[in-house]
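**Student:**
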Amino acid sequence: MLTLAYLIAITAEAMTGALAAGRRNMDLFGVSLIAFLTALGGGTVRDILLGNFPVNWTQHPEYIYLTVGAGLSTMLVVKLVHKLQQLFLVLDAIGLVAFTLIGCNVGQQLGYSPVVVVMAGIITGIFGGILRDLLCNRRPEVLHRELYASVSLLVALLYLQLQQWQLDGDIVLLASFSVGLLLRMSALRWHWRLPTFSYAPERWQDAAHGDQK
Amino acid sequence: MLTLAYLIAITAEAMTGALAAGRRNMDLFGVSLIAFLTALGGGTVRDILLGNFPVNWTQHPEYIYLTVGAGLSTMLVVKLVHKLQQLFLVLDAIGLVAFTLIGCNVGQQLGYSPVVVVMAGIITGIFGGILRDLLCNRRPEVLHRELYASVSLLVALLYLQLQQWQLDGDIVLLASFSVGLLLRMSALRWHWRLPTFSYAPERWQDAAHGDQK
Amino acid sequence: MLTLAYLIAITAEAMTGALAAGRRNMDLFGVSLIAFLTALGGGTVRDILLGNFPVNWTQHPEYIYLTVGAGLSTMLVVKLVHKLQQLFLVLDAIGLVAFTLIGCNVGQQLGYSPVVVVMAGIITGIFGGILRDLLCNRRPEVLHRELYASVSLLVALLYLQLQQWQLDGDIVLLASFSVGLLLRMSALRWHWRLPTFSYAPERWQDAAHGDQK
Numbered sequence: 001m002l003t004l005a006y007l008i009a010i011t012a013e014a015m016t017g018a019l020a021a022g023r024r025n026m027d028l029f030g031v032s033l034i035a036f037l038t039a040l041g042g043g044t045v046r047d048i049l050l051g052n053f054p055v056n057w058t059q060h061p062e063y064i065y066l067t068v069g070a071g072l073s074t075m076l077v078v079k080l081v082h083k084l085q086q087l088f089l090v091l092d093a094i095g096l097v098a099f100t101l102i103g104c105n106v107g108q109q110l111g112y113s114p115v116v117v118v119m120a121g122i123i124t125g126i127f128g129g130i131l132r133d134l135l136c137n138r139r140p141e142v143l144h145r146e147l148y149a150s151v152s153l154l155v156a157l158l159y160l161q162l163q164q165w166q167l168d169g170d171i172v173l174l175a176s177f178s179v180g181l182l183l184r185m186s187a188l189r190w191h192w193r194l195p196t197f198s199y200a201p202e203r204w205q206d207a208a209h210g211d212q213k
Numbered sequence: 001m002l003t004l005a006y007l008i009a010i011t012a013e014a015m016t017g018a019l020a021a022g023r024r025n026m027d028l029f030g031v032s033l034i035a036f037l038t039a040l041g042g043g044t045v046r047d048i049l050l051g052n053f054p055v056n057w058t059q060h061p062e063y064i065y066l067t068v069g070a071g072l073s074t075m076l077v078v079k080l081v082h083k084l085q086q087l088f089l090v091l092d093a094i095g096l097v098a099f100t101l102i103g104c105n106v107g108q109q110l111g112y113s114p115v116v117v118v119m120a121g122i123i124t125g126i127f128g129g130i131l132r133d134l135l136c137n138r139r140p141e142v143l144h145r146e147l148y149a150s151v152s153l154l155v156a157l158l159y160l161q162l163q164q165w166q167l168d169g170d171i172v173l174l175a176s177f178s179v180g181l182l183l184r185m186s187a188l189r190w191h192w193r194l195p196t197f198s199y200a201p202e203r204w205q206d207a208a209h210g211d212q213k
Numbered sequence: 001m002l003t004l005a006y007l008i009a010i011t012a013e014a015m016t017g018a019l020a021a022g023r024r025n026m027d028l029f030g031v032s033l034i035a036f037l038t039a040l041g042g043g044t045v046r047d048i049l050l051g052n053f054p055v056n057w058t059q060h061p062e063y064i065y066l067t068v069g070a071g072l073s074t075m076l077v078v079k080l081v082h083k084l085q086q087l088f089l090v091l092d093a094i095g096l097v098a099f100t101l102i103g104c105n106v107g108q109q110l111g112y113s114p115v116v117v118v119m120a121g122i123i124t125g126i127f128g129g130i131l132r133d134l135l136c137n138r139r140p141e142v143l144h145r146e147l148y149a150s151v152s153l154l155v156a157l158l159y160l161q162l163q164q165w166q167l168d169g170d171i172v173l174l175a176s177f178s179v180g181l182l183l184r185m186s187a188l189r190w191h192w193r194l195p196t197f198s199y200a201p202e203r204w205q206d207a208a209h210g211d212q213k
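Residue numbers (full-length UniProt numbering), protein chains in the order written: chain A, 1 to 213; chain B, 1 to 213; chain C, 1 to 213.
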């Protein structure tokens, strides 16, 4: 089940990457690269941080073809993709949760401590989107919109907690997956957000350059 | 031959990095860092992704001196560099092709599959420029101008294909090199570009925030 | 002493990261992530470049709690932080010097050559701030303001030079630390800067696109 969710996830993420590249008028190559990075960048950053070589996708050429193909296809079916926005939000939510659970798994198999396992899950979940936004020269969207990274955090915590209760592995996965998906969809539906922190020193007196450093 | 091309390449790339830093009014240190990253960043990203430690330049202090020196010298001879733009485009093209072939070689020596070898070549070829543009806070130029990354892709594919035909190693190198150089120069001369993908949802109706995620 | 300086440093850096995130109206999660990256990003980049796995913070969960906690606390005491700007500049300078010395140490223990050891020190000292500025979508401040990265360079060079003179380890550390701190504070006090390099081709004639590449 997780593998299927993963394949759906990297396809959907590659397509959101292609759309972001299209907003910047990138060429075919740029679209392919951003699609690839959005889909597989989170897992790559995780593997490098955890010293987990060889990096996952280098052993699975089919993931490269799938994500680049999905990115390029997006250009052909962009009107359809635009109409199916709601569907894409669901696919993207599936991706977020699947990536998080896979990242936790990798961290556990490498024997890292629980807090690092949680971070491995979050990094897998959100860094593809962060790399996409960096290369498209925009502020990372995952850090100031409807609950996204926080869903990843909660899914990872829930997953570790359920494991502690010695439940069956499949049940733990299914429960974490469902709760995460539900949470993300609710956040989108009712615009749940985390409080934001706004610091605008110039509104106090002079924007002394010290705090700009 | 490839080593000579490599030394020319990192020097030329360091100088383009210094110019980009100059456009952002960076200080001496910023110029040195951007020059270094532009020249050696692609190989560094490749080595990290392929788990190829120690990273190449850590074993070759002379590359550090060469690239930082080239970056700082650019400040002294900037008017000359500006006049020799055409020459720099040739040196940069040499760099692109040499980096790509070296990247493919490294990937092959580590035993990766062909598609990963091709990606190792492309990453070595273009990531220096991408890192330069990220640190200078501009959209990566290699992804939406005259054929650049695509030249890297074609050189890598050609190189692997020629190897399959059991030709002599030097001939394979020379042929891939020449074709790549010719292709890049032609692309510059006649402004060959890949089609670009432009996605501007606001031109359809409301820019529903869903696809901004 | 270096450990205490390190703990002060990562706390102070996390707080500057939180302030930068606040300027971009990030949410709680964004603030935590930027705080973490600013404090521990430099050491992470160093460990990855030097192939020093497992990455330091994955073995010290307490650093994760400390930096995320410091970031979130900043939101509560932001007015106090704003008032104590001068104090923060001192803490930040302590961080810069402590990070640099620690980075040099790691490089030496891994047996790298002196120039790579110096670079390991600089990377540890400045890359946290560079990652913070990248994610906050602004030009890296460490590369064009009062002496900052250059202080890191000088501290690293001094440290290696003093070691060569066979002085006692504690004396070497203390001397490098004091000189670095003094230098940074003087640079801030008297606005010492490195010369900057400004390259604006459009002021000469046409901004031929060649040099934009």
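Heads up, the beta-carbon is just placed ideally off N, CA and C, and yes, glycines get one too.
Would you identify the three-state DSSP class for ARG24 (chain C), choosing helix, strand or coil?
**Tutor:** coil
**Student:** Can you name the start and end residues of the alpha helix (DSSP H) that PRO61 (chain B) belongs to?
**Tutor:** 61-76
**Student:** Can you pull out the residues from the UniProt domain "Glycine transporter" (5-77) of chain A whose beta carbon lies closer than 8 Å to at least one beta carbon of chain C?
**Tutor:** ILE48, LEU49, LEU50, GLY51
**Student:** For ARG193 (chain A), does the three-state DSSP call read helix, strand or coil?
**Tutor:** strand
**Student:** Using Cβ-Cβ distances below 9 Å, what residues of the UniProt domain "Glycine transporter" (90-162) of chain B are close to chain C?
**Tutor:** Flagged, chain order: ASP92, GLY129, LEU134, LEU135, CYS136, ASN137, GLU141, VAL142, ARG145, GLU146, TYR148.
**Student:** Mind listing the chain A neighbours of LEU183 (chain B)? Cutoff is C-beta to C-beta under 9 Å, in chain order.
**Tutor:** Under the 9 Å cutoff, chain A gives no residues; its nearest Cβ is about 14 Å from LEU183 (chain B).
**Student:** Would you report the Cα separation of CYS104 (chain B) and ARG184 (chain B), rounded to the nearest angstrom?
**Tutor:** 18 Å
**Student:** Which partner residues does GLU146 (chain A) have in the DSSP bridge list?
**Tutor:** A:ARG193
**Student:** To the nearest angstrom, report how far apart SER198 (chain B) and TRP192 (chain B) are at their CA atoms.
**Tutor:** Between the alpha carbons of SER198 (chain B) and TRP192 (chain B) lies a distance of about 18 Å.
**Student:** Does the distance from the C-beta atom of ILE123 (chain C) to that of VAL55 (chain C) stay below 7 Å?
**Tutor:** no
**Student:** Just to confirm before moving on: does the CB-CB distance between PHE36 (chain C) and VAL68 (chain C) stay below 7 Å?
**Tutor:** yes
**Student:** Helix, strand or coil: which one does DSSP assign to ASP168 (chain A)?
**Tutor:** coil
**Student:** Using a beta-carbon distance below 7 Å, is LEU194 (chain B) in contact with chain A?
**Tutor:** yes
**Student:** DSSP on LEU158 (chain A), reduced to helix/strand/coil?
**Tutor:** It is helical.
**Student:** Can you give the Cα-Cα distance for ALA120 (chain B) and ILE130 (chain B), rounded to whole angstroms?
**Tutor:** 15 Å
**Student:** I need the straight-line Cα distance from GLY210 (chain C) to LEU194 (chain C), nearest angstrom please.
**Tutor:** Here the model assigns GLY210 (chain C) a pLDDT of 40, short of 50, so the residue's position is not dependable, and the following value carries that caveat. When rounded, the distance between both Cα atoms is 29 Å.
**Student:** Using 7 Å as the threshold, is the C-beta distance between ALA156 (chain B) and VAL118 (chain B) below it?
**Tutor:** yes
**Student:** Ordered along the chain, which non-local residues of its own chain (more than five positions away) have a Cβ less than 8 Å from that of PRO140 (chain C)?
**Tutor:** GLY129, ILE130, ASP133, LEU134
**Student:** Excluding the five sequence neighbours on either side, which residues of its own chain have a C-beta within less than 8 Å of the C-beta of ARG145 (chain A), listed in chain order?
**Tutor:** ARG193
**Student:** I think GLY42 (chain B) touches GLY125 (chain B), with their Cβ atoms under 8 Å apart; what is that distance to the nearest whole Å?
**Tutor:** 6 Å
**Student:** So which residues on chain B does SER198 (chain C) lean against when the C-beta distance must stay under 7 Å?
**Tutor:** Those are GLY22, ASN25, listed as they occur along chain B.
**Student:** Got a sec? Which residues, its chain only, sit under 8 Å from ASN137 (chain C) by beta carbon, not counting five neighbours each side?
**Tutor:** ARG24
**Student:** So PHE88 (chain C) is in the alpha helix (DSSP H); what residue range does that whole segment cover?
**Tutor:** 85-109
**Student:** Assuming VAL116 (chain A) and PRO61 (chain C) form a contact by the criterion Cβ under 8 Å, report the distance between their Cβ atoms to the nearest whole angstrom.
**Tutor:** 7 Å
**Student:** In whole angstroms, give me the CA-to-CA distance for residue 214 (chain A) and THR11 (chain A).
**Tutor:** Within the shown structure, residues of chain A are numbered from 1 to 213, placing residue 214 (chain A) beyond reach of any answer.
**Student:** In angstroms, rounded to a whole number, what distance separates the CA positions of LEU49 (chain B) and PRO114 (chain B)?
**Tutor:** Approximately 15 Å, taken between the alpha carbons.
**Student:** Starting from the C-beta of ASP27 (chain A), find all residues in its chain whose C-beta is less than 6 Å away, skip the five residues before and the five after it, and write them out in chain order.
**Tutor:** Taken in chain order, the list of residues that qualify is empty.
**Student:** Please state the DSSP three-state secondary structure of ASN137 (chain C).
**Tutor:** coil
**Student:** Answer with buried or exposed for GLY111 (chain A), where buried requires no fewer than 16 other C-beta atoms within 10 angstroms of its C-beta.
**Tutor:** exposed
**Student:** Would you kindly check if the distance between the Cβ of GLY22 (chain A) and the Cβ of THR38 (chain A) is under 7 Å?
**Tutor:** no
**Student:** Assuming PHE88 (chain C) and VAL81 (chain C) make a contact with CB atoms under 8 Å, what is their CB distance in whole Å?
**Tutor:** 7 Å
**Student:** Closest by CA to THR196 (chain A), which one among C:VAL151, C:LEU72, C:GLN85, C:MET15?
**Tutor:** C:LEU72
**Student:** Could you check which residue in B:TYR6, B:VAL90, B:ALA200, B:GLY169 has the C-alpha nearest to that of ALA187 (chain B)?
**Tutor:** B:VAL90
**Student:** Compare the C-alpha of LEU182 (chain B) against each of B:ALA20, B:LEU66, B:ILE94 and name the closest.
**Tutor:** B:ILE94
**Student:** Could you tell me which of B:VAL31, B:LEU2, B:ASP170 sits nearest to MET75 (chain B), measuring between CA atoms?
**Tutor:** B:VAL31
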